[in-house]
Amino acid sequence: MNLDDLGQRIRWRLVLGLLGLALMLFILDSTGNMDSAFNFLRDPLSGMMGWTGARVDAFADIFAGPRDLQTARTEIEILQARIDMLERENEELRESQGELQVLQQLFNRNQDAPELSRTLANVIGRDTSPFFRSIIIDAGANEGIVVGMPVESNRGLVGQVYRTTANSAQVLLIT
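44 is the number of the first residue of the sequence shown in the numbering used here; add one for each residue after it.
Here is the structure:
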């Protein structure tokens, strides 16, 4: 056998093999089956890429926040409702704190002068007289209120009782 003849045969077989491969790829492409041939090669990689991509997307969603505008608006509405509720609760707590401080001051004042008896009363009206300022309280003679008694609030002396009825008293204000 001649080596030159052997090299020639190998070249022709290589050329024929490449032409056959090109013809096969041309036929697969023209019939639409080329994708299935390439999918055979891609399948192992696409499965792995899909798995890692899902993990990366889940991790990114943690930091990205809502991607959907409607979801973001709903979340904003929920948070705004929570803010409103907390502001109302905060205001109620401030009012309770103020009432607590008033009662503590009254309690401390009562401990400073234990010989004096105190009666708690609410303001139920104001006198409309232009000559002097007075208020009406809901404690009267039935509770032991008499004319001349001092009236105080958490801020100090307010006035003096100048008229009583069975269930109310009128207080002349010192301001």
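For every residue, glycine included, the Cβ atom is placed at its ideal position computed from N, Cα and C. Note that the structure is predicted; figures quoted are calculated from it, not measured.
Pair within 8 Å by beta-carbon distance, I188 and T162: The answer is yes: Cβ separation under 8 Å.
Three or more C-beta pairs below 8 Å linking the segment 141-148 and the segment 116-131: Flag = no, the segment 141-148 and the segment 116-131 do not touch.
For P193, the residue or residues it bridges with in DSSP: In DSSP, P193 forms a bridge with Q203.
Cβ shell of R98 (< 8 Å), same chain only, five flanking positions each side left out: Excluding residues within five positions, none has a Cβ falling inside 8 Å.
For A182 and A209, believed in contact at Cβ under 8 Å, the rounded distance: A209 to A182, Cβ: 10 Å. No contact.
Neighbourhood of L68 by C-beta, 6 Å cutoff - its chain only, sequence neighbours within 5 removed: Excluding positions up to five away in sequence, the list is empty.
For R169, the residue or residues it bridges with in DSSP: Per DSSP, the beta bridge partners of R169 are I178.
Beta-carbon spacing of I180, D170 below 8 Å: Against a cut-off of 8 Å, the Cβ pair of D170 and I180 comes out as no contact.
Rounded distance between the beta-carbons of N185 and Q148, thought under 8 Å: Actually they are not in contact, since the Cβ atoms of Q148 and N185 sit about 27 Å apart, beyond 8 Å.
Anticipated Cβ contact below 8 Å, G191 with V204, distance rounded: Sure, about 6 Å apart at Cβ, within 8 Å.
For V214 and V194, believed in contact at Cβ under 8 Å, the rounded distance: Taking 8 Å as the upper bound for CB-CB distance, V194 and V214 are in contact here, some 5 Å apart.
Distance, L66 Cα to Q51 Cα: Computed Cα separation, rounded: 22 Å.
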